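Asks: Dropping the structure in here first, questions after.
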Amino acid sequence: MIDYKDFLKNSDKYFKAYKDRGGDILVKTAKAAHQKISKLAKSSQQHDLETLQAEINKANKLIPSLDAKEKAKKISELKKLSDKISKLKASARGQEAEIFSQVKNLPNLFLADVPVGSNAGTNKILKEVGKRPDLEKPKDYLSLGIDLGIIDVQRASKVSGSRFGYLKAGAVLLEYALVQYTFSRLLTDDFVPVAPPVIINKEFMEAMGYLAQGSEEEVYYLQKDNQYLVGTAEQAVGPYFANEILSESDLPKKFIAFSSCFRREAGSYGKDTKGIFRVHQFDKLEMFVFCRPEESEAQHQKLLNLQEALVSSLGIPYRVVQLCTGDLGVPSAKTYDIECWLPGQNQGKGEYRETHSTSNTTDYQSRALNTRFKAGNGKNEFVHLLNGTAFAIGRILIAIIENYQQTDGSVLVPKVLQPYMHGIEVIAKK
9 MIDYKDFLKN
19 SDKYFKAYKD
29 RGGDILVKTA
39 KAAHQKISKL
49 AKSSQQHDLE
59 TLQAEINKAN
69 KLIPSLDAKE
79 KAKKISELKK
89 LSDKISKLKA
99 SARGQEAEIF
109 SQVKNLPNLF
119 LADVPVGSNA
129 GTNKILKEVG
139 KRPDLEKPKD
149 YLSLGIDLGI
159 IDVQRASKVS
169 GSRFGYLKAG
179 AVLLEYALVQ
189 YTFSRLLTDD
199 FVPVAPPVII
209 NKEFMEAMGY
219 LAQGSEEEVY
229 YLQKDNQYLV
239 GTAEQAVGPY
249 FANEILSESD
259 LPKKFIAFSS
269 CFRREAGSYG
279 KDTKGIFRVH
289 QFDKLEMFVF
299 CRPEESEAQH
309 QKLLNLQEAL
319 VSSLGIPYRV
329 VQLCTGDLGV
339 PSAKTYDIEC
349 WLPGQNQGKG
359 EYRETHSTSN
369 TTDYQSRALN
379 TRFKAGNGKN
389 EFVHLLNGTA
399 FAIGRILIAI
409 IENYQQTDGS
419 VLVPKVLQPY
429 MHGIEVIAKK
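This note's numbering applies: residue 9 is where the sequence shown begins, and numbers increase by one.
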């Protein structure tokens, strides 16, 4: 949620930011909300409230000097005035709630170094890292996985419908090798492992900014319980300290969460319909940081560095992309993606596909969650929240299978994962 008072005071800053996010409709919505707020502040209703309150204050000063009869009469008048004020305030609260519901769905401001652009086509490629494998006729992960008996989408479709898959045998061992490896790597950086709930209350999904600007179409809603299935572990970890005041000395707080995630993929019709790249259910390792505002940009860079280190340690080529203003998510002030090289895609020509993302949401989420810390000056300030993929299991399995495929159809296990694979160094057909 944006800073409501700052929005009223510096509205032009927000209008420009929303225009740079590529949204004329967004700017129109923001301007309409601001006009309603200004109108409410200047309304006759507000003037009536102030006049009535002044009358009450004046009467309260007179009452002690009145005789019993006059005092009773004045108290009766005060009650009528108080009733009028209560009705006016109730009306004002209703109008404010309507306006606030519009303002709270407006996206975050972006940081100064985010490139301005209208869509993903204007994202900025920062660097490419790693040597692509020299494969004569690379196969795609799905044909390899089916042949090895480690991926089964046909039976998953029979049981659950489209965009589901069974992982089996070597793929499952690889998943839990990735989990153990990630935990052991991040424990040295003071991350606390956490297994969060995968169902959260509506108020927290809303506070995290995942029900705004059409995003509600991407999440699974449990209507009877008024709850949501998480689409990423950060949605459950972010509210962990909701309505709490943290000690400054305890910051930053860093978590590495592992959970199943659920997405409707409503906006992905026709994209990646086969296989496990874009599915309704997947497992994911997610990093999450609570920190002081002045630390958030440095913490964001650290998350990106950790992501690069994890991908590099697997020996997978990748590139780093900075998202432009028009491609940012609602809560994000700045986002980087990592795209891994998948040699079996694009009919064996290969292509980069997104496997990781890391965002600095500044105080956008913490403001709605009311998560603060007591600063050195004694004031309570909102923490900054950051998130970053460690590994989205399905997508990193795809990258491993395609980059480590052998001519006989087997798949080598990356060296850093071998200690967690129960002696298996090659996943071969049985």
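Using N, Cα and C, we set each Cβ at its ideal position, and we do this for glycine too.
As the structure is a computational prediction, the values presented were derived from the model and not from experiment.
Can you grab the Cα-Cα spacing for the pair LYS352 / TYR149, in whole Å?
Replies: The sequence given here has Gly at residue 352, not Lys. Going from the Cα of GLY352 to the Cα of TYR149 covers about 7 Å.
Asks: Between which residues of its own chain and LEU194 is the CB-CB distance below 6 Å, once the five residues before and five after are set aside?
Replies: Result list for LEU194: ILE264, in chain order.
Asks: Whole angstroms are fine: how far does the CA of VAL111 sit from the CA of GLY153?
Replies: Roughly 47 Å between the two C-alpha positions.
Asks: For the beta strand (DSSP E) containing GLU410, list its first residue and its last residue.
Replies: Segment 401-411 is the alpha helix (DSSP H) holding GLU410; no beta strand (DSSP E) there.
Asks: Near ILE408, what residues of its chain come up, given a Cβ to Cβ distance below 6 Å and the 5 sequence neighbours on each side ignored?
Replies: Excluding sequence neighbours, ILE408 sits near nothing in its chain.
Asks: On the CB-based measure, 16 or more other CB atoms within 10 Å of its CB, does ARG140 come out buried or exposed?
Replies: Result: exposed.
Asks: Going along the chain, which unbroken runs of the beta strand (DSSP E) with 3 or more residues stay wholly within the stretch 224-273?
Replies: With a minimum length of 3 residues, the continuous beta strand (DSSP E) runs that stay inside the stretch 224-273 are 235-237, 253-255 and 261-270.
Asks: Look at the Cβ atom of GLY283, then the Cβ atom of VAL161, and state whether they are nearer than 9 Å.
Replies: Contact flag set, yes.
Asks: So, is SER52 buried or exposed, given that buried needs 16 or more other C-beta atoms within 10 angstroms?
Replies: With a pLDDT of 46 at SER52, under the threshold of 50, the modelled position of that residue is not reliable, and the figure given next carries that caveat. Label assigned to SER52: exposed.
Asks: So, are the CB atoms of LEU405 and ALA179 less than 9 Å apart?
Replies: Cβ atoms of LEU405 and ALA179: closer than 9 Å.
Asks: Assuming LYS292 is part of the beta strand (DSSP E), what are its boundary residues?
Replies: 289-299 is the span of the beta strand (DSSP E), which, as asked, contains LYS292.
Asks: Please identify the residue among PRO201, VAL329 and TYR12 whose C-alpha is closest to the C-alpha of LEU134.
Replies: That would be VAL329, whose Cα lies nearest to the Cα of LEU134.
Asks: Which of helix, strand or coil does DSSP assign to ARG286?
Replies: Here ARG286 sits in coil by DSSP.
Asks: By alpha-carbon positions, which one of SER151, LEU186, PHE266 and GLY358 ends up nearest to ASP142?
Replies: The candidate whose alpha carbon is nearest that of ASP142 is GLY358.
Asks: Rounded to a whole number of angstroms, what is the C-alpha to C-alpha distance between THR333 and LYS437?
Replies: C-alpha separation (whole angstroms): 46 Å.
Asks: Leaving out five residues before and five after GLU410 in sequence, what residues of the same chain have Cβ atoms less than 6 Å from its Cβ?
Replies: Excluding residues within five positions, the ones whose Cβ falls inside 6 Å are TYR149, LEU350, PRO351 and GLY352.
Asks: Using a 10 Å radius around the Cβ and a threshold of 16 neighbouring Cβ atoms, would you call PRO204 buried or exposed?
Replies: PRO204 is buried by the Cβ-count criterion.
Asks: How would you write the range of the beta strand (DSSP E) that ASP345 sits in, first residue to last?
Replies: Note, ASP345: beta strand (DSSP E), 342-350.
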